[in-house]
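Participant: In the order they appear, the protein sequences are chains S and D.
Taking the working numbering, the leading residue of the first sequence gets 6, the next gets one more, and so forth.
Taking the working numbering, the leading residue of the second sequence gets 23, the next gets one more, and so forth.
Beta carbons: idealized from backbone N, C-alpha and C, even for Gly.
Values in this document were obtained by computation on a predicted structure and should not be read as measured data.
Handing you a structure now.
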Amino acid sequence: KQEVTQIPAALSVPEGENLVLNCSFTDSAIYNLQWFRQDPGKGLTSLLLIQSSQREQTSGRLNASLDKSSGRSTLYIAASQPGDSATYLCAASGAGSYQLTFGKGTKLSVIP
Amino acid sequence: DTGVSQDPRHKITKRGQNVTFRCDPISEHNRLYWYRQTLGQGPEFLTYFQNEAQLEKSRLLSDRFSAERPKGSFSTLEIQRTEQGDSAMYLCASSSPQTANTGELFFGEGSRLTVL
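What follows is the structure, encoded as structure tokens:
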């Protein structure tokens with residue numbers, strides 16, 4: 006059974022800092038790895054999707070990497086802004102299944 | 023806006039009552055998913071439809087839960103005889119045939135259930 010862990014559970018940084026969020030998964034036979042953003046009381050917004058054959062994806066100030074062999078993914082946020090404050094969730098999709106297995110998320114606070 | 027739409031956004035009910043949530047996926051999206059998220063946790067998969075066929079169900083979907091997608095468009099999730107442990111955010115997501123290879127999902131804003 007796939008298990009996804011996110012460390013740290015919460016992170017507070019001053020505006021302008023670069024930061025890294027970590028995600029680990031137990032079963033390396035994944036179809037893809039997705040990063041989502043969730044604002045309080047809201048649904049999920051897809052940020053980046055990395056297919057199993059890819060090593061990284063970039064969108065603006067965000068960069069996500071995937072290392073299947075070690076069961077890890079990272080989300081790098083450059084030049085953080087207060088508007089980046091939210092909970093970031095990673096989710097792994099298993100081969101042959103349409104289920105996403107989510108981590109518990111990292112709650113990010115960017116202090117002005 | 024043509025995103026995934028969920029209704030109601032918030033439902034407060036007494037224990038033992040039945041509740042129903044509705045999800046309207048993005049137009050042309052043939053795949054629809056239900057997830058449940060409790061406070062401080064990540065979403066957990068409940069069930070998946072391709073068109074009107076329910077192809078995958080989680081063990082979390084007890085006998086009190088039923089999901090339908092009768093015409094392959096909108097979907098309903100009904101919870102019978104609600105319990106306090108059912109209090110959660112119920113999230114709906116959809117995906118299109120064009121994104122089937124990537125597995126990208128588009129989520130709605132969720133329906134929050136509070137059982138008193």
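To the nearest whole angstrom, what separates the beta carbons of D:T104 and D:R44, a pair I think is in contact under 8 Å?
Facilitator: Contact doesn't hold; Cβ gap of about 17 Å is too wide.
Participant: Note down, in chain order, each residue of its chain lying with its Cβ closer than 6 Å to the Cβ of S:G76, except the 5 sequence neighbours on either side.
Facilitator: Closer than 6 Å at Cβ, skipping near neighbours: S29, F30, S33.
Participant: Run the CB neighbour count on D:D85, radius 10 Å, all protein chains shown included, and call it buried at 16 or more, exposed below.
Facilitator: Exposed, by the Cβ-count rule.
Participant: D:R37: buried (16+ other C-beta within 10 angstroms of its C-beta) or exposed?
Facilitator: Result: exposed.
Participant: Provide the residue span of the beta strand (DSSP E) that contains S:V9, from first to last.
Facilitator: 9-12 is the extent of the beta strand (DSSP E) around S:V9.
Participant: Pairs of beta-carbons, one from the stretch 38-47 of chain S and one from the stretch 44-56 of chain D, closer than 8 Å: are there three or more?
Facilitator: Touching, no.
Participant: Just how far apart, CA to CA, sit D:P92 and S:T111?
Facilitator: Their backbone Cα atoms lie some 37 Å apart in a straight line.
Participant: Compare the beta carbon distance of D:A110 and D:R31 with 7 Å and say whether it is the shorter of the two.
Facilitator: Contact: no.
Participant: Using 10 angstroms around the beta-carbon of S:N37, count the other beta-carbons present and answer buried if the total reaches 16, otherwise exposed.
Facilitator: Classification for S:N37: buried.
Participant: Assuming S:N37 is part of the beta strand (DSSP E), what are its boundary residues?
Facilitator: 35-43 is the extent of the beta strand (DSSP E) around S:N37.
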